[in-house]
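*Asks:* Using the working numbering, the letters of the sequence shown correspond one by one to residues 4 to 67. Provided herewith is a single structure, encoded as structure tokens, for subsequent inquiry.
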Amino acid sequence: MGIPRKDIKPGMRVHIVLKQDQRSGRLTEGVVRDLLTKSPTHPHGIKVRLEDGRVGRVKAILDG
Numbered sequence: 004m005g006i007p008r009k010d011i012k013p014g015m016r017v018h019i020v021l022k023q024d025q026r027s028g029r030l031t032e033g034v035v036r037d038l039l040t041k042s043p044t045h046p047h048g049i050k051v052r053l054e055d056g057r058v059g060r061v062k063a064i065l066d067g
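In structure tokens:
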């Protein structure tokens, strides 16, 4: 099911999968700027925008 939206906050360091990396599953590390998914959960992960502008779905929280 993935990580619930309530557990993800701006400023957290996370691993995301970018759209172009969905097939390979390659992870990208970054810091959350905005949460883009409005629902409390999502089967593929909550979509976020990182501080550098990249967008992807959260696969792991590295700190919090």
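In this text, a Cβ means the ideal position worked out from N, Cα and C, and glycines have one as well.
For R36, report the span of its beta strand (DSSP E) as first-last.
*Replies:* Where R36 is concerned, the enclosing beta strand (DSSP E) stretches over 31–38.
*Asks:* Using a Cβ-Cβ distance cut-off of 8 Å, determine whether R36 contacts chain D.
*Replies:* The structure shown contains no chain D, having only a single protein chain.
*Asks:* Taking only three categories from DSSP, how would you classify R57?
*Replies:* Looking at R57 - three-state DSSP - the assignment turns out to be coil, as it is neither helix nor strand.
*Asks:* The beta strand (DSSP E) that contains I19, what's its start and end?
*Replies:* Unbroken beta strand (DSSP E) run through I19: 16–21.
*Asks:* As a quick exercise: from R36, V35, I19, pick the residue whose alpha carbon is nearest that of R28.
*Replies:* In the sequence under discussion, the amino acid at residue 28 is Gly, which differs from the Arg named in the question. For G28, the nearest C-alpha among the options comes from I19.
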